[in-house]
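For reference, the structure discussed in these notes is given below.
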Amino acid sequence: MKAVHGRQLRPWGNIRWMQSAAAHDRSRCALPRRKKIGVSILLSVGILAMGITGGRVSAASSDSNVIHLTNAQEKTLDIQTIHLKTQMIQPTMTLYGELRSNPDGVWTLSSPLAGVVLNMPGKSWPQIGSAVVRGSSMARIRPIVSTTLQITLALELTKVKADLAAAKVAKSTAAAAYVREKSLYGQNKAVSLQRLQAAQATLAAAKARVQADAQSITAIAQQLKAKTGGFLPLPIFQSGVITQVLAHPGQAVAAAQPLLQIEDFHTLLASVALPAADSGSVALDTAIRVRVLGHKHWLLAKPLTLGSQADRQTRGLSVLYLISNAGTLRPGMAITAKVPKAAKAFPMIIIPRTAVIWWRGERWVYIARGGGVFALHELINPQSVPAGYAVKNGSLPTQRIVSQGAQLLLTIKLSSTLKKSG
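Read left to right, the sequence shown gives residues 23 to 444 (the numbering used here).
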């Protein structure tokens, strides 16, 4: 076996194990968080157990964060590097807030008449959190109609029936006039186009009057029928989730009294608290990125309007954004928002998340200096961006950066440090 740095390498079985571990390291971005931690621990324990000599920390105290590897060791650990890229980044401000209900998605089921509310046969009374579908009926009303109102409805029904009969006669007369005018206009244009159009409009108005009277008769007759012990079902006109139950079966309700409140959570409002001192330093007409507490993905929120009330804590503005909800987001959840500042974009260095490692409570990266030399470098004030992290231009040397295997290099450094201290 060939010796490296004065020590003999392990058998080829261990080398193949390291290659397999490196393959797992390549796919760590697609693994859940727990699996990522498990893979890192496995690789770290494997390196310590093998006593790999691939990592030689510089002897100089000033270069204690520098690691030297041979070409064979780089291939064994599958170290990969990329060039640093610069991108124009819009400066942002981190603000906090919460999700709210979208008023456009809130609908209330109300009783059209005074009566006793009852549940539908074979169905239980809806509860908070129950999902409802448009077109279904969740409740019914047994109207309570006074004798005076009953007489009034009967008289109104008689009057509307008379109006319907007159409307039908007017419709027949208008139809005959329209047919005559149309025939004369088609033969030799004995009548003008204006007269033909007037006859057509009169016929359309007569038809509309007949239809309106017929609908009125149906509605009044339904109310009179309900007086004799009938029930009036209350259909649902919007799908969603029940958020409030305002009445219960057997309860007497008045006309227009709310019974259920239904909300559609497909869109929500993101309310962001903007301090009064920063009201002029952010761009309120641009989209922002929002992350809900407990969720790792950032969502896009579109600007909507300013809130009607000031924030209670900051005494500043309450800015509302519209956010699409394709999952289980609900009003009241806390959010973190990245709001663009009203300033020009400036160049920043973009670092992928796979290249960043945590050590001593800070974010670090490994810079590839060439010739198997890798230097540990701390990131100064990194900002989270969709592509990873961004740092100021010039804060990192203009060399290649380790995009894969940085955690292995840190393990080698720590292993060498432990051996020296022991």
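Heads up, the beta-carbon is just placed ideally off N, CA and C, and yes, glycines get one too.
What you are looking at is a predicted structure, and each value in this text was computed from that prediction instead of being measured.
Classification of residue i by the beta-carbon crowding that lies within 10 angstroms, buried from 16 upward
i: Ala212; result: exposed
i: Asn403; result: exposed
i: Val413; result: buried
i: Phe396; result: buried
i: Ser205; result: exposed
i: Ala187; result: exposed
i: Ala161; result: buried
i: Gly349; result: exposed
i: Lys193; result: buried
i: Pro409; result: What sits at residue 409 in the sequence shown is Ala, not Pro. Exposed, since its Cβ has fewer than 16 Cβ neighbours within 10 Å.
i: Leu432; result: buried
i: Leu440; result: exposed
i: Ala230; result: exposed
Same chain only: Cβ atoms within 6 Å of residue i, ignoring 5 sequence neighbours per side
i: Leu179; result: Ile242
i: Gly329; result: Ser340 and Leu342
i: Arg352; result: none
i: Gly262; result: Ile284, Glu285 and Asp286
i: Thr224; result: Ala196
i: Ala365; result: Pro113
i: Leu291; result: Arg122, Asn124 and Leu342
i: Ala228; result: Ala192, Lys193 and Ala196
Cut-off 8 Å between Cβ atoms - residues of its own chain near residue i, not counting five sequence neighbours on either side
i: Gly394; result: His90, Leu91, Thr92, Asn93, Gln95 and Glu96
i: His270; result: Val139 and Trp147
i: Val155; result: Ile258 and Ser261
i: Thr19; result: The shown model of the chain, from 23 to 444, leaves out residue 19, and the question about it has no answer.
i: Asp300; result: Met115 and Gly338
i: Arg385; result: Val378, Ile379, Glu400, Leu401, Pro404 and Tyr411
Candidates the options: closest to residue i by CA position
i: Val139; options: Val201, Gly272 and Leu177; result: Gly272
i: Leu344; options: Val312, Gln421 and Leu254; result: Val312
i: Ala221; options: Asp235, Ala230, Gln209 and Ala197; result: Ala197
i: Leu218; options: Gln233, Arg202, Thr108 and Ala153; result: Arg202
i: Gly338; options: Tyr118, Gln112 and Met110; result: Tyr118
i: Gly354; options: Arg122, Gln109, Ile111 and Met110; result: Arg122
i: Thr327; options: Ser146, Asn347, Ser293 and Thr376; result: Ser293
i: Leu430; options: Ser152, Arg382, Asn415 and Ala377; result: Ala377
i: Trp7; options: Ile379, Pro257, Ser406 and Gly302; result: Outside the displayed range of the chain (23 to 444) lies residue 7, so it cannot be described from this structure.
i: Trp320; options: Pro419, Ser346, Asp300 and Ala184; result: Ser346
i: Phe253; options: Gly316, Phe259 and Pro165; result: Pro165
i: Ala189; options: Ala199, Tyr200, Pro125 and Gln233; result: Gln233
i: Ile239; options: Asp185, Leu440 and Glu120; result: Asp185
i: Gly316; options: Asp300, Ile357, Thr289 and Gly392; result: Ile357
i: Ile111; options: Ala136, Lys229, Gly208 and Asn415; result: Asn415
i: Ile434; options: Gly392, Val407 and Tyr388; result: Tyr388
i: Gln244; options: Gln209, Pro134 and Gln216; result: Pro134
i: Val406; options: Ala228, Arg231, Trp381 and Lys318; result: For the sequence presented, residue 406 should be read as Ser rather than Val. The shortest Cα separation from Ser406 among Ala228, Arg231, Trp381 and Lys318 belongs to Lys318.
i: Ala274; options: Ile163, Gly392, Pro143 and Ser438; result: Ile163
Neighbourhood of residue i by C-beta, 7 Å cutoff - its chain only, sequence neighbours within 5 removed
i: Thr114; result: Lys360, Val361, Pro362 and Lys363
i: Arg422; result: Thr103, Ile104, His105 and Ala390
i: Arg200; result: In the sequence as displayed, the identity of residue 200 is Tyr instead of Arg. Closer than 7 Å at the Cβ level, and outside the excluded window around Tyr200, lie Ala221, Gln222 and Leu225.
i: Asn141; result: Trp147, Ala161 and Pro271
i: Leu436; result: none
i: Trp381; result: Leu432
i: Glu120; result: Ser293, Gly354, Met355, Ala356 and Ile357
Short Cβ contact (7 Å threshold) for residue i with residue j
i: Asp235; j: Val182; result: yes
i: Ser132; j: Ala298; result: no
i: Val267; j: Ile173; result: no
i: Ala295; j: Ile310; result: no
i: Leu246; j: Leu175; result: yes
i: Gly157; j: Glu285; result: no
i: Asp307; j: Pro280; result: no
i: Asn87; j: Leu401; result: no
i: Ser152; j: Pro255; result: no
i: Ile371; j: Leu418; result: yes
i: Ala367; j: Ala276; result: no
i: Pro369; j: Thr108; result: yes
C-beta neighbour in chain B for residue i, strict 7 Å
i: Leu117; result: Considering every chain present, this structure includes no chain B. It has just one protein chain.
heavy atom of the ligand ZN below 6 Å from residue i C-beta
i: Ile258; result: By its list of ligands, the structure shown contains no ligand whatsoever, and the ligand ZN lies outside what it can speak to.
Are the region 416-435 and the region 97-105 in contact at 8 Å, needing three or more beta carbon pairs? Look at the beta carbons and you see the region 416-435 touching the region 97-105: at least three pairs across the two are nearer than 8 Å.
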